[in-house]
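Enquirer: Right, I'll just put the structure down here and ask away after.
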Amino acid sequence: MNTFHLGNGAGFSGDRVDAPIPVLRSLIARGGPAAMFFETLGERTVALAHLEKRANPTRGYEPMLERLLDPILVDAHAHRIPLLGNWGAANPPAAALAVARLALAKGLPDLRIGLVEGDEVTPAVAGGQLPVHEADAGLDMGAWSLIAANAYIGAEPLVEALAQGADVVVAGRTSDPALAIAPLAHHFGWRFDDWERLALGAATGHLLECGSQVTGGVFWDPGFKDIPDPANIGFPIAEVTEAGGLVITKPEGTGGIVDLRTVKEQLLYELHDPAHYITPDVVLDITQCRLEQVGRDRVAVHGLRGAPRPDTLKVTASFEGSWLGEGEVSVAGPNALARARATADVLLRRMKLRGLDVRARVDLIGVASVHDDDGGSLWRGYVGPEPQDIRIRLAVEARTRDDADQASREVLALLCCGTAGTGGARWRVTPRILTRSHLVLRERVPTRVTTRTAKEIAA
Amino acid sequence: MREVPLHAIAHSRAGDKGNRLNMSLIPYDPAHYELIAAQVTEARVLDLFRHRGATGCTRYDLPNLHAFNFVVDEVLEGGVNGSLNLDGHGKTHSFRLLELTIRLPA
Numbered sequence: 001m002n003t004f005h006l007g008n009g010a011g012f013s014g015d016r017v018d019a020p021i022p023v024l025r026s027l028i029a030r031g032g033p034a035a036m037f038f039e040t041l042g043e044r045t046v047a048l049a050h051l052e053k054r055a056n057p058t059r060g061y062e063p064m065l066e067r068l069l070d071p072i073l074v075d076a077h078a079h080r081i082p083l084l085g086n087w088g089a090a091n092p093p094a095a096a097l098a099v100a101r102l103a104l105a106k107g108l109p110d111l112r113i114g115l116v117e118g119d120e121v122t123p124a125v126a127g128g129q130l131p132v133h134e135a136d137a138g139l140d141m142g143a144w145s146l147i148a149a150n151a152y153i154g155a156e157p158l159v160e161a162l163a164q165g166a167d168v169v170v171a172g173r174t175s176d177p178a179l180a181i182a183p184l185a186h187h188f189g190w191r192f193d194d195w196e197r198l199a200l201g202a203a204t205g206h207l208l209e210c211g212s213q214v215t216g217g218v219f220w221d222p223g224f225k226d227i228p229d230p231a232n233i234g235f236p237i238a239e240v241t242e243a244g245g246l247v248i249t250k251p252e253g254t255g256g257i258v259d260l261r262t263v264k265e266q267l268l269y270e271l272h273d274p275a276h277y278i279t280p281d282v283v284l285d286i287t288q289c290r291l292e293q294v295g296r297d298r299v300a301v302h303g304l305r306g307a308p309r310p311d312t313l314k315v316t317a318s319f320e321g322s323w324l325g326e327g328e329v330s331v332a333g334p335n336a337l338a339r340a341r342a343t344a345d346v347l348l349r350r351m352k353l354r355g356l357d358v359r360a361r362v363d364l365i366g367v368a369s370v371h372d373d374d375g376g377s378l379w380r381g382y383v384g385p386e387p388q389d390i391r392i393r394l395a396v397e398a399r400t401r402d403d404a405d406q407a408s409r410e411v412l413a414l415l416c417c418g419t420a421g422t423g424g425a426r427w428r429v430t431p432r433i434l435t436r437s438h439l440v441l442r443e444r445v446p447t448r449v450t451t452r453t454a455k456e457i458a459a
Numbered sequence: 001m002r003e004v005p006l007h008a009i010a011h012s013r014a015g016d017k018g019n020r021l022n023m024s025l026i027p028y029d030p031a032h033y034e035l036i037a038a039q040v041t042e043a044r045v046l047d048l049f050r051h052r053g054a055t056g057c058t059r060y061d062l063p064n065l066h067a068f069n070f071v072v073d074e075v076l077e078g079g080v081n082g083s084l085n086l087d088g089h090g091k092t093h094s095f096r097l098l099e100l101t102i103r104l105p106a
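Residue numbers (the numbering used here), protein chains in the order written: chain V, 1 to 459; chain C, 1 to 106.
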């Protein structure tokens with residue numbers, strides 16, 4: 001049976017950098033045709049990368065790129081296992097150059113690097129030519145300046161790079177599932193109107209794109225859902241057959257778990273209507289999906305269906321927004337709750353007394369915070385056991401950096417002016433990035449694919 | 001009849017898209033699927049998030065997977081775009097859903 005093995009080496013920018021090593025080792029041990037993909041680009045990651053590129057034109061790509069590739073590049077190349085990633089972020093040519101230099105340092109001058117460009121559509125958004133996505137219809141960005149806009153491109157240009165013999169594919173804003181669809185479509189020769197096969201690829205990508213989230217990551221609930229060796233979770237591998245079979249598994253000798261529970265959680269992750277999961281390559285329908293445990297850490301996925309892809313691509317536009325100011329102090333021991341509540345009210349009064357133009361919120365961490373609302377209805381209404389250790393957090397949004405800074409410094413002032421036993425102040429100010437989704441006709445986003453050797457790129 | 005938190009019989013994961021939150025709800029035992037379908041209504045889940053200004057809740061039933069998908073609108077106080085919450089993505093809300101109680105036959 002013709003089986004392709006697809007491994008995932010990263011689920012986001014910031015993932016465990018040693019995770020790809022056992023995945024590649026497992027793919028090599030399996031011996032069959034294989035590829036690995038790395039999903040490192042979130043909506044905000046790409047905006048931050050654009051800002052980094054503005055400050056330094058040689059940067060603006062995945063900061064961990066070299067660290068991820070360093071331990072695997074030689075072995076992947078030796079075993080003809082292509083590595084694909086959207087690690088180009090805002091600057092795919094700079095990322096390709098970084099890969100080329102790494103390859104030369106590793107003695108691989110003939111390593112072929114496929115560069116995929118063309119996803120950036122900043123001028124079209126700046127010119128007001130692209131309609132706003134219905135989900136963001138009410139979002140007015142008039143006050144903020146555009147950083148950049150990128151379209152979520154599909155798998156076809158990535159297939160082109162593989163067809164040109166790329167050992168490493170460097171792309172920018174691809175859709176996440178495209179990184180999985182491409183090596184499968186390239187290997188099996190799928191057509192881009194074979195919706196059933198593309199649905200199989202999209203589901204494979206969806207299940208693998210968050211790395212460990214299908215093998216035990218964000219799953220462990222001690223005593224209820226336990227996993228082996230959570231400090232060493234194995235990242236996922238999919239086995240896809242020509243006949244349309246799909247099995248999710250993970251490398252031997254790693255921690256984590258693949259069972260019906262982990263696969264169900266990830267199948268529904270960030271999903272809205274299960275009949276219409278829209279990707280640039282196919283609309284996936286999981287309503288008839290069935291799962292089957294077919295071995296230890298092996299789950300088979302059946303019943304995936306696909307419908308034709310949309311005529312439009314989603315675009316994420318990012319804007320330089322307001323400023324976020326944050327400050328925290330702690331209280332602990334007897335009467336901590338009363339002291340914390342009093343501190344919260346004083347902080348909110350200080351915003352008014354100072355005339356600071358901010359929107360403010362206070363959390364009482366240890367009483368109620370992440371589940372609470374901006375008005376603090378949960379901590380204000382809290383009745384129950386007396387918490388012994390509470391962190392008071394002020395968060396403000398301001399139009400100017402100075403207002404955000406002055407507001408967060410009010411927390412610092414509590415070290416002398418606060419309630420009895422106040423300590424442990426921290427404060428910081430960060431710029432906010434706002435995003436808005438648009439739509440663009442796919443023919444308005446022409447992509448370019450060029451594959452050259454490391455030696456040629458670095459010359 | 002005894003009443004238990006959903007956490008005793010089911011698990012969940014939350015994710016975001018803009019200002020919208022989705023949460024899976026998956027019983028450990030498929031036999032509990034119908035009990036959840038009858039008792040964990042869109043209205044009850046929306047009530048859990050009213051304090052944050054949530055405006056709507058849709059439940060998608062997946063009987064083949066013995067799982068549910070809840071989508072809650074306008075719940076993230078602006079989402080990662082505008083929220084002052086430490087958890088702008090709303091990933092911790094799966095465990096707020098699991099606080100909801102369910103009545104089991106004795």
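Each residue gets a CB set at the ideal place from its N, CA and C atoms; glycine is no exception.
#1: Residues of the region 37-54 of chain C with a CB closer than 8 Å to any CB of chain V: list them in chain order, please.
#2: Val218(V) versus chain C: which residues are under 7 Å apart at the beta carbon?
#3: Quick one: what does DSSP say Pro230(V) is sitting in, helix, strand or coil?
#4: What does the Cβ neighbour count give for Arg350(V), buried or exposed, with the cut at 16 atoms within 10 Å?
#5: Against chain C, with Cβ distances strictly below 8 Å, would Tyr269(V) count as a contact?
#6: Whose C-alpha, out of Ile457(V), Val367(V), Val315(V), Leu6(V), is nearest the C-alpha of Gly42(V)?
#7: Could you tell me the alpha carbon to alpha carbon distance between Arg80(V) and Gly114(V), rounded to whole angstroms?
#8: If I follow the unbroken beta strand (DSSP E) through Cys57(C), where does it start and stop?
#9: Which runs of the alpha helix (DSSP H) at least 4 residues long sit entirely within the region 100-162 of chain V? Give them in chain order.
#10: Is there contact here, the region 300-308 of chain V with the region 194-202 of chain V, by at least three beta-carbon pairs under 8 Å?
#11: Cutting at 6 Å between CB atoms, please list the residues of its own chain near Glu99(C), excluding the five before and the five after it.
#12: Ignoring anything shorter than 4 residues, give me the alpha helix (DSSP H) runs that lie fully in the region 362-412 of chain V, in order along the chain.
#13: Would Asp87(C) count as contacting chain V if we go by Cβ distances under 8 Å?
#14: When the distance is taken between beta carbons, is Leu313(V) closer than 8 Å to Ile147(V)?
#15: Taking only the alpha-carbon atoms, compute the straight-line gap between Gly60(V) and Thr45(V) and give it to the nearest angstrom.
#16: Going by C-alpha distance, which of Ile233(V), Gln293(V), Leu353(V), Ile72(V) is nearest Gln406(V)?
#17: Any idea what DSSP makes of Ala166(V), helix, strand or coil?
#18: Could you name the residues of chain V that His93(C) contacts, counting a contact when the two beta carbons are closer than 9 Å?
#19: Does the beta carbon of Asp389(V) sit closer than 8 Å to a beta carbon anywhere in chain C?
#20: Please work out which residues of its chain come closer than 6 Å, Cβ to Cβ, to Arg442(V), disregarding the five sequence neighbours upstream and downstream, and give them in chain order.
#21: Using the Cα positions of Pro334(V) and Thr419(V), report the straight-line distance between them to the nearest angstrom.
#22: Below 9 Å on C-beta distance, what does His50(V) contact in chain C?
#23: List, from N- to C-terminal side, the alpha helix (DSSP H) runs of 4 residues or more that fit wholly inside the region 224-286 of chain V.
#24: If you draw a straight line from the C-alpha of Arg432(V) to the C-alpha of Ala49(V), how long is it?
#25: I'd like to know whether the C-beta atoms of Ser408(V) and Gly325(V) end up nearer to each other than 8 Å.
#26: Quick one, are the C-beta atoms of Pro446(V) and Gly118(V) less than 8 Å apart?
#27: Taking a Cβ distance cut-off of 8 Å, strictly less, list which residues of the region 291-323 of chain V are near chain C, in chain order.
#28: Quick check on Asp16(C): does DSSP put it in helix, strand or coil?
#29: Can you have a look at Val214(V) and say buried or exposed, based on whether 16 or more other CB atoms are within 10 angstroms of its CB?
#30: Under 7 Å, CB to CB, which of the residues in the region 55-78 of chain C have a partner in chain V?
#31: Determine which residues of the region 84-108 of chain V have a Cβ less than 7 Å from any Cβ of chain C, and write them out in chain order.
#32: In the DSSP assignment, find the unbroken beta strand (DSSP E) run with Ser26(V) in it and report its ends.
#33: Could you check where the beta strand (DSSP E) with Arg426(V) kicks off and where it finishes?
#34: With 8 Å as the threshold, decide whether the Cβ of Leu84(C) is near any Cβ in chain V.
#35: Please report whether the beta-carbon of Ile26(C) lies at a distance below 8 Å from any beta-carbon of chain V.
#36: Please compile the residues from chain V whose C-beta is within a distance smaller than 8 Å of the C-beta of Arg96(C).
Expert: Per the coordinate set shown:
#1: His51, Arg52, Gly53
#2: Arg13
#3: helix
#4: buried
#5: yes
#6: Val315(V)
#7: 14 Å
#8: 56-62
#9: 122-126
#10: yes
#11: In its chain, beyond the 5 residues on either side, Pro5 have a beta carbon closer than 6 Å to the beta carbon of Glu99(C).
#12: 377-380
#13: yes
#14: If you check the CB distance, Ile147(V) and Leu313(V) do not come in under 8 Å.
#15: Our two residues, Gly60(V) and Thr45(V), have alpha carbons roughly 10 Å apart in a direct line.
#16: Leu353(V)
#17: In this structure, Ala166(V) counts as coil in the three-state DSSP scheme.
#18: Val370, His371
#19: no
#20: Cβ within range, chain order: Leu313.
#21: Cα-Cα distance, rounded: 13 Å.
#22: Ordered by position in chain C, no residue passes the 9 Å Cβ test against His50(V), which lies about 17 Å from the chain.
#23: 260-267
#24: 14 Å
#25: yes
#26: Contact: yes.
#27: Leu291, Gly303, Gly321
#28: In the structure shown, Asp16(C) sits in a strand (DSSP, three-state: E or B).
#29: buried
#30: Tyr60, Leu62, Asn64, Leu65, Ala67, Asn69, Val71, Glu77
#31: none
#32: Premise fails: Ser26(V) lies in the alpha helix (DSSP H), 20-30, not in any beta strand (DSSP E).
#33: 423-441
#34: It does; some Cβ of chain V falls within 8 Å.
#35: Ile26(C) counts as touching chain V.
#36: Correct list: His371.
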